[in-house]
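S.K.: The number in this note's numbering is simply the position in the sequence shown, starting from 1, with 3 added.
Where is the CB? At the ideal position from N, CA and C, for every residue including glycine.
Just so you know, these numbers come straight off a predicted model, no measurement behind them.
There's a structure below that I have some questions on.
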Amino acid sequence: MGTAAVVSPLCSTYAEVTAIRATRPQAIAEAWAQRHPRPTITGDDRLMIVAADHPARGALSVGSNPRAMNSRSDLLDRLRTALANPGVDGVLATSDILEDLLLLGALDNKVVLSSMNRGGLAGASFELDDRMTAATAKWTIDVGLNGAKMLCRVDLGDPGTLNMMTACAAAVDELAAGESIAMLEPFLSSRIDGKVRNDLTADAVIKSMHIIQGLGSTSAYTWLKLPVVDEMERVMDATTLPTLLLGGDPQTAPDETFASWERALRIPSVRGLIVGRTLLYPADDDVATAVDTAVNLVS
4 MGTAAVVSPL CSTYAEVTAI RATRPQAIAE AWAQRHPRPT ITGDDRLMIV
54 AADHPARGAL SVGSNPRAMN SRSDLLDRLR TALANPGVDG VLATSDILED
104 LLLLGALDNK VVLSSMNRGG LAGASFELDD RMTAATAKWT IDVGLNGAKM
154 LCRVDLGDPG TLNMMTACAA AVDELAAGES IAMLEPFLSS RIDGKVRNDL
204 TADAVIKSMH IIQGLGSTSA YTWLKLPVVD EMERVMDATT LPTLLLGGDP
254 QTAPDETFAS WERALRIPSV RGLIVGRTLL YPADDDVATA VDTAVNLVS
């Protein structure tokens, strides 16, 4: 079967994106209807997804640079470079970023995942009350996306955790009813000196997995998005759900990061990578090479 024809993009510049938004916003819905989607799993069953939902939570820093993600045009340039690599299967982002990429023609024949709960703003007093404020399950299904991702930070000392779990459970059910993936990203979290910290020990990750993979009436369409931590074989023994590895904020040398991914990707239930800042903002600023390296690991 031949590859579907690529739809000509509505926009070639960011000025044109703004003009479409201002004068013909209905064109966005038309572009979703005309986009060629693709199945989540094809070929070798492995996925390489780039992530860019951090800005909607006010998380704009990368490493020691607190303003790294301030520029939308710069972020879109980096995403388009990544998505131009044929080994990159798709993207996870909030609707505003997805629609920019859509208008620029970057989403044809790509896996597309929306981001749902961005209410837990970085540094806010209510950070762990992470309610749904971005894409809805209905919209995700209606525009033909592959699924939606939810951040699921569990703090046993914060009552906001229950609001998050209740909202995510309802979304899992709604997405499953539309045969759409619910990508859950669990952490055990707590406040240390006023800042939310995720516990990245193997036992903490395992406990968070058991709590979160039980959300909803069915897990038929549930996937996990997990950090790479020590003892990944033991961590992955805690689930039968398909799992993608997340990259996080790059804090270690690139070679160490890529080596840890390579080891974890050997585990059968790990289905690929879903990485944002590590690939989009590498230390040497060479996005294309960083993406190539990650693609080769997944291949």
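1) Please name the residue, chosen from S15, W142, L131, that lies closest to V157 on a Cα-to-Cα basis.
2) Apply the 10 Å Cβ neighbour rule to D92 and answer buried if 16 or more other Cβ atoms are within range, or exposed otherwise.
3) Starting from S1, trace the beta strand (DSSP E) in both directions and tell me its first and last residue.
4) Of all the beta strand (DSSP E) runs that stay within the bounds of the stretch 76-118, which reach a length of 3 or more residues?
5) According to DSSP, simplified to helix, strand and coil, what is T246?
6) Would you check if the distance between the CB atom of R274 and the CB atom of L249 is smaller than 8 angstroms?
7) For A54, tell me which candidate among L300, P28, N299, L276 has the shortest Cα-Cα distance.
8) Secondary structure at V208, three-state DSSP: helix, strand or coil?
9) DSSP state of A170, grouped into three classes?
10) State the DSSP-derived secondary structure class of R27, mapped to helix, strand or coil.
11) Excluding the 5 residues flanking F190 on each side, which residues of the same chain have their C-beta closer than 6 angstroms to its C-beta?
12) Return helix, strand or coil for R60, following the three-state DSSP convention.
13) Could you tell me the distance, in whole angstroms, from the CA atom of T139 to the CA atom of L124?
14) Would you decide whether R81 is buried or exposed? Buried here means 16 or more other CB atoms lie within 10 Å of its CB.
15) Buried or exposed for S98, please, with buried defined as at least 16 other CB atoms from any protein chain shown within 10 angstroms of its CB.
16) Within 10 angstroms of the Cβ of K198, are there 16 or more other Cβ atoms? Answer buried if so, exposed if not.
17) Is A262 near V278, with beta carbons less than 8 angstroms apart?
18) Reducing DSSP to helix, strand and coil, say where P230 ends up.
M.R.: With the given structure in hand:
1) L131
2) buried
3) For the chain, the structure presents residues 4 to 302; residue 1 sits outside this window and is missing.
4) 93-96, 114-118
5) strand
6) Going by C-beta atoms, R274 is not nearer than 8 angstroms to L249.
7) Comparing Cα positions, the closest option is L276.
8) helix
9) helix
10) Coil, per DSSP.
11) Sequence-distant Cβ neighbours of F190 in its own chain, meaning closer than 6 angstroms and more than five residues away, are R156, N201, S211.
12) helix
13) 18 angstroms
14) Under this definition R81 is a buried residue.
15) Counting every other CB atom within 10 Å of its CB across the protein chains shown gives S98 a total of 16 or more, marking it as buried.
16) exposed
17) no
18) strand
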